[in-house]
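Colleague: Numbering (mature numbering (1 follows the signal peptide of the UniProt record, and there is no 0)), first residue to last: -31 to -1, 1 to 616. Where is the CB? At the ideal position from N, CA and C, for every residue including glycine. Owing to the predicted nature of the structure, the values given are computational and were not obtained by experimental measurement.
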């Protein structure tokens, strides 16, 4: 079948050339003989294949027993058969690893045979912002209330730019999780801290990313291949037309002929990336469907399923206005299909659907922070409490949830050498990789620890001066540190310990994605740390990396983690690498900051890592804080056996 399709594409290309020569006339023959066709291939971002659900499946006791028996044998042989292990990982990582099968974050092509995202409406009827392509008639998908489907049709021009630009949407469907995810053996609190200890600043140009091995790189769907092939063909043809020694009028005619051929026989369905733009905290709620048609066709929007707690009006340009009802609880969804006018024929994708469906997720104050202050008010003054609550609220611009949640934190003081610390317990004591309590509540809505606080924050007001909003010389950036520490409680941290001390089998979700530069995983399928990788824990040149598919796509390779020599407890492995992300390229999750205004905006790489960790995140058009970076102070993450995590 694919050989036939290739022949069809070649025939179409020949047809385009013949069309061009018929328009050019005799003078074209000389021009064509004198100039060869130049090839210019445009690159598009890799999307991923569907991977399944994001539920936490507990391991059975029998599985634990089997794992323990097999583990002992695995451990005994690990040091002897290192080379065999590496070869096995390189050749069969897809079979061993949870992180290799990925969801498509744009559309589910009908020719892949993957299930419609509407099937995920079971829990709270909130199916996120996933999209899929529809090849049938427009009808209710069966999830609407009362069996009533509201149909709204508007017309848009595919080449027009929406009045509100779409934000970058990163979906949790790209994060790879497996049955029996994540477990821990003992009551472990994961926390992160900020210490006043700084590596030397460096302003050298950023090094080229370490390429991801094929089994870690984002996987391409057939739709991606088709789109890239058509783009390359288009660019090559346009380059050939531009190279001809003919009049500009003839070049315009040639270009129009080519595009008519492309629209007729290689027409692509629209891509859709719905995103809410305003009203995330308070105020009117609006957004955009984010539909783009590669062929410039007009787009029709139809409401397939209306919202349950409000009404929505879809405009001709794909923007929408959502009006909540009185019973709105902060989360709602509606479903739209974007259909391009014209022929729906693509010789490279014979099952091309007539349009693309997508679920738009509405959030307004859907995440609430409840802080329980443990001091008498002398440290956490009213002004400081308000600054903490204001900074935490700004995270609502980045995160989306499928049901409203309230995160509870115990907030106290510390007076050692560290600036601040924050943490959250893992949700299980069984061997494996598990989310933190905060992470699990945000992603599933489940309260894993009952009346206990979901996380804890401790701050050092005794040893350091803080700029709560504006930051003067000698003051530390309170806002940047709040965002950094809360990210650790959200699961941006590692349970990996110093060389020689990784004897337990309890890890966090972050550790699932830790790899070497060759793509090997230091943690075995039986959750044992492979001691032969200990030297990488303190290798500042080529240590360990974060190898999630979204992070690789955003960064262009494996993302380096902080592995200082000597090992720094409370900092190593839980941060991005200070020796890579330097100067203007510093990130919030660097292991260091300094006095003065610091970074206050999460970067695309950090958001991509959070997506790999299971979150639905969005890059706002206008982030709540301006970014600036002027130095360093050590920010750490430590795995502690006690409830608190002192710095």
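Taking the DSSP output, what are the residues bridged to residue 427?
Modeller: 381, 390
Colleague: From the DSSP output, in three-state form, read off residue 545 for me.
Modeller: strand
Colleague: In three-state terms, what does DSSP make of residue 376?
Modeller: strand
Colleague: What's the gap between the Cα of residue 584 and the Cα of residue 224?
Modeller: 43 Å
Colleague: My guess is that residue 391 and residue 336 are in contact by the Cβ rule of under 8 Å, so how many angstroms apart are they, rounded?
Modeller: Contact between residue 391 and residue 336 does not hold, since the beta-carbon distance rounds to 16 Å and is not under 8 Å.
Colleague: Say whether the stretch 321 to 330 touches the stretch 227 to 243, bearing in mind that this needs 3 or more beta-carbon pairs closer than 8 Å, one atom from each stretch.
Modeller: yes
Colleague: Please report how far the alpha carbon of residue 356 lies from the alpha carbon of residue 439, in whole angstroms.
Modeller: 11 Å
Colleague: So for residue 340, helix, strand or coil by DSSP?
Modeller: strand
Colleague: Taking the C-alpha atoms as reference points, what is the distance between residue 151 and residue 284?
Modeller: Summary for residue 151: the model assigns pLDDT 38, below 50, so the residue's position carries little reliability; its value from the coordinates is reported in the next sentence. Answer to the nearest angstrom: the Cα atoms are 44 Å apart.
Colleague: Rounded to the nearest angstrom, what separates residue 514 and residue 485 at their Cα positions?
Modeller: 6 Å
Colleague: Between which residues of its own chain and residue 482 is the CB-CB distance below 7 Å, once the five residues before and five after are set aside?
Modeller: Closer than 7 Å at Cβ, skipping near neighbours: 68, 515, 516, 517, 581.
Colleague: Output the boundary residues of the alpha helix (DSSP H) element that contains residue 199.
Modeller: 191 to 212
Colleague: Report the residue from 220, 411, 177, 449 whose alpha carbon sits nearest the alpha carbon of residue 558.
Modeller: 449
Colleague: Does DSSP put residue 242 in a helix, a strand or coil?
Modeller: coil
Colleague: If you compare alpha carbons, which of 530, 463, 454, 500 is closest to residue 469?
Modeller: 500
Colleague: Name, in chain order, the residues that DSSP records as bridge partners for residue 354.
Modeller: Paired residues: none, contrary to the question.
Colleague: Answer with buried or exposed for residue 193, where buried requires no fewer than 16 other C-beta atoms within 10 angstroms of its C-beta.
Modeller: buried
Colleague: Put residue 580 into one of helix, strand or coil per three-state DSSP.
Modeller: Helix.
Colleague: Give me the residue from 290, 262, 308 with the minimum Cα distance to residue 273.
Modeller: 308
Colleague: Just curious, the beta strand (DSSP E) that residue 451 is in, first and last residue?
Modeller: Premise fails: residue 451 lies in the alpha helix (DSSP H), 447 to 458, not in any beta strand (DSSP E).
Colleague: Taking the alpha carbon of residue 566 as the point to measure from, which residue in 594, 525, 506 has its own alpha carbon closest?
Modeller: 594
Colleague: State the beta-bridge partners of residue 467 as determined by DSSP.
Modeller: Paired residue(s): none; residue 467 is not in a bridge.
Colleague: Counting pairs of beta carbons, one from the stretch 526 to 540 and one from the stretch 506 to 513, are three or more of them closer than 8 Å?
Modeller: yes
Colleague: Assuming contact is defined by CB atoms lying nearer than 8 Å, are residue 182 and residue 523 in contact in what I supplied?
Modeller: no
Colleague: Output needed for residue 379: all residues of its chain with C-beta closer than 7 Å, excluding positions within five of it in sequence on either side, in chain order.
Modeller: 341, 343, 422, 425
Colleague: When you compare the CB positions of residue 617 and residue 478, do they come within less than 8 Å of one another, or not?
Modeller: Residue 617 cannot be examined here, being either before or after the span of the chain that is shown, -31 to 616.
Colleague: Note the first and the last residue of the continuous beta strand (DSSP E) segment covering residue 288.
Modeller: 288 to 293
Colleague: Could you pull the DSSP bridge partners for residue 403 from this structure?
Modeller: 477
Colleague: Whole angstroms is fine: what's the gap from residue 415's alpha carbon to residue 338's?
Modeller: A direct Cα-Cα distance of roughly 16 Å separates residue 415 from residue 338.
Colleague: Quick check on the burial criterion: 16 or more other C-beta atoms within 10 angstroms. Buried or exposed for residue 253?
Modeller: exposed
Colleague: Based on Cα-Cα distance, which residue from 588, 383, 291, 381 lies nearest to residue 251?
Modeller: 291
Colleague: With residue 300 and residue 255 assumed to form a contact (beta carbons below 8 Å), what rounded beta-carbon distance in angstroms separates them?
Modeller: Residue 300 to residue 255, Cβ: 17 Å. No contact.
Colleague: Given this structure, state the Cα-to-Cα distance separating residue 571 from residue 586, to the nearest angstrom.
Modeller: Cα to Cα, the separation comes out at about 11 Å.
Colleague: Indicate the three-state DSSP secondary structure (helix, strand or coil) for residue 529 in the structure shown.
Modeller: strand
Colleague: Our contact map puts residue 591 next to residue 542 with C-beta atoms below 8 Å; I'd like the distance itself, whole angstroms only.
Modeller: Between residue 542 and residue 591 the Cβ distance is about 33 Å, and since that is not below 8 Å, they are no contact.
Colleague: Using 8 Å as the cut-off, can you tell me whether the stretch 453 to 461 makes contact with the stretch 545 to 562, which would need three or more C-beta pairs spanning the two stretches below that distance?
Modeller: Yes: the two stretches touch, three or more of their Cβ pairs being nearer than 8 Å.
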